[in-house]
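The structure under discussion appears below in the form of structure tokens.
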Amino acid sequence: MAREKLAVLFVEDHQALAENLAEFFDNDAYSSDFAADGLTALHLLASNHYDVVVLDVMLPGINGLKICEQIRTQLHSAVPVIMLTALDTIEDKVSGFSAGADDYLAKPFDMRELELRIQALSRRGKGRQERLIADDVIYHPGTLVIETTAGTSTMLSGHSATLFEALIRAYPNFVSYAALSNALWGNTDSDEHTIRTHIYTLRKQLSQAFGRTMIKSLYGRGYQLHPDEK
1 MAREKLAVLF
11 VEDHQALAEN
21 LAEFFDNDAY
31 SSDFAADGLT
41 ALHLLASNHY
51 DVVVLDVMLP
61 GINGLKICEQ
71 IRTQLHSAVP
81 VIMLTALDTI
91 EDKVSGFSAG
101 ADDYLAKPFD
111 MRELELRIQA
121 LSRRGKGRQE
131 RLIADDVIYH
141 PGTLVIETTA
151 GTSTMLSGHS
161 ATLFEALIRA
171 YPNFVSYAAL
181 SNALWGNTDS
191 DEHTIRTHIY
201 TLRKQLSQAF
211 GRTMIKSLYG
221 RGYQLHPDEK
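What the sequence shown shows, in full-length UniProt numbering, is residues 1 to 230, in sequence order.
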């Protein structure tokens, strides 16, 4: 069976380096896209899936730090990002990691080292980039963000995130009280009242963010994710 190619987006405005990257990663292990500026990069990221982004800091227009911030805050993407830059002081690295970068490689660098870092980050990022979909609702377990195809979004936390993930993974099937208890606490001993309290909190947050609770009660059985539920 052929190994699935790693999809990598290189954001680099220096033509000679971009050509070297294209030549090195032109093989059966990689599927590469290139962008020479931040706006093109954001457009590609919004419309394509990538396993890793290799991002230069010094770009025309929007710099790499701002691009990385927008990847996290506007696109709600957990795609691993490697910063490529000649700026290699500790302050520069702090800025890169604060913007949401996962790794930082100073120029000049060995292509083989970059490849090793890409491979390592792609393995780490597989779980973070999982998307769970139910009708027009998309949940990102790695970032705990729920979004809709209409563009609204909210971030969950704690028990609410655990409950929503259990419900959307089971969609369109219902989830029993025992299964929800196991997801929350690792056992099936919790009483139904406690679970109902946590479901109430989750419904309230969903209603505030999307104008619908998305959760349907099944008397005596448990709960079901129902994206249209008011």
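Even glycine gets a Cβ: it sits at the ideal position worked out from N, Cα and C.
Worksheet item: Going by beta carbon distance, what residues of the same chain come within less than 8 Å of residue 131, once the five residues before and after it are set aside?
Response: Here the set comprises 138, 139, 140.
Discussion item. Under 8 Å: do the stretch 103-112 and the stretch 68-77 share three or more Cβ pairs, one atom per stretch?
Written reply: They do not touch, by the three-pair rule.
Item to complete: Compute the beta-carbon to beta-carbon distance between residue 64 and residue 54, rounded to the nearest angstrom, for a pair I have assumed lies under 8 Å.
Response: The C-beta distance from residue 64 to residue 54 rounds to 10 Å, too long to fall under 8 Å, and the pair is not in contact.
Fill in: Uninterrupted beta strand (DSSP E) stretches inside the UniProt DNA-binding region "OmpR/PhoB-type" (128-227) (no shorter than 3 residues)
If one requires a minimum length of 3 residues, the beta strand (DSSP E) runs lying completely within the UniProt DNA-binding region "OmpR/PhoB-type" (128-227) are 132-134, 137-140, 145-148, 153-155, 174-176, 215-218, 222-225, in chain order.
Discussion item. Assuming residue 10 is part of the beta strand (DSSP E), what are its boundary residues?
Written reply: First-last of the beta strand (DSSP E) with residue 10: 6-11.
Worksheet item: Enumerated in chain order, which unbroken segments of the beta strand (DSSP E) with a length of 3 residues or greater are wholly contained in the UniProt domain "Response regulatory" (7-122)?
Response: If you keep only unbroken beta strand (DSSP E) runs of at least 3 residues inside the UniProt domain "Response regulatory" (7-122), you get 30-35, 52-56, 81-85, 103-106.
Practice prompt. Return the chain-ordered list of same chain residues with a C-beta closer than 8 Å to the C-beta of residue 33, the five sequence neighbours on each side being excluded.
Written response: Cβ within range, chain order: 7, 8, 9, 10, 44, 48, 50.
Worksheet item: From this set, 61, 151, 39, 123, which residue's C-alpha is nearest residue 79's C-alpha?
Response: Taking only the C-alpha atoms, the option nearest residue 79 is 123.
Practice prompt. Report the residue from 183, 116, 88, 69 whose alpha carbon sits nearest the alpha carbon of residue 98.
Written response: Here the closest residue by C-alpha is 69.
Fill in: Environment of residue 52 [buried if 16+ CB atoms lie within 10 Å]
With 16 or more Cβ atoms within 10 Å of its Cβ, residue 52 is classed as buried.
Item to complete: Counting only the same chain and skipping the five closest in sequence on each side, list residues whose C-beta sits under 8 Å from that of residue 67.
Response: 11, 38, 41, 42, 55, 59.
Discussion item. Measuring straight from C-alpha to C-alpha, what distance separates residue 83 and residue 134?
Written reply: When the Cα atoms are used, residue 83 and residue 134 turn out to be separated by approximately 34 Å.
Worksheet item: Considering only C-alpha positions, which residue in the set 178, 24, 185 is nearest to residue 221?
Response: Out of 178, 24, 185, 178 has the C-alpha closest to the C-alpha of residue 221.
Discussion item. Using 8 Å as the cut-off, can you tell me whether the stretch 206-216 makes contact with the stretch 139-156, which would need three or more C-beta pairs spanning the two stretches below that distance?
Written reply: These segments touch.
Item to complete: Assign residue 164 to one of two classes, buried (16 or more other C-beta atoms within 10 Å of its C-beta) or exposed (fewer than that).
Response: Under this definition residue 164 is a buried residue.
Worksheet entry | residue 29 versus 228, 118, 94, residue with shortest Cα-Cα distance | Of the listed residues, the one whose Cα sits closest to residue 29 is 118.
Worksheet item: Could you give the C-beta distance for residue 181 and residue 187, rounded to a whole number, given that I count them as a contact under 8 Å?
Response: With a Cβ gap of about 6 Å, residue 181 and residue 187 count as contacting.
Fill in: Through-space distance from residue 203 to residue 159, alpha-carbon basis
Going by the C-alpha atoms only, they are around 12 Å apart.
Discussion item. Counting C-beta neighbours from all protein chains within 10 Å, is the total for residue 94 16 or more, i.e. buried, or is it exposed?
Written reply: Counting Cβ neighbours within 10 Å, residue 94 comes out exposed, since fewer than 16 surround it.
Item to complete: State the DSSP-derived secondary structure class of residue 230, mapped to helix, strand or coil.
Response: For residue 230, the secondary structure class from DSSP, reduced to helix, strand or coil, is coil.
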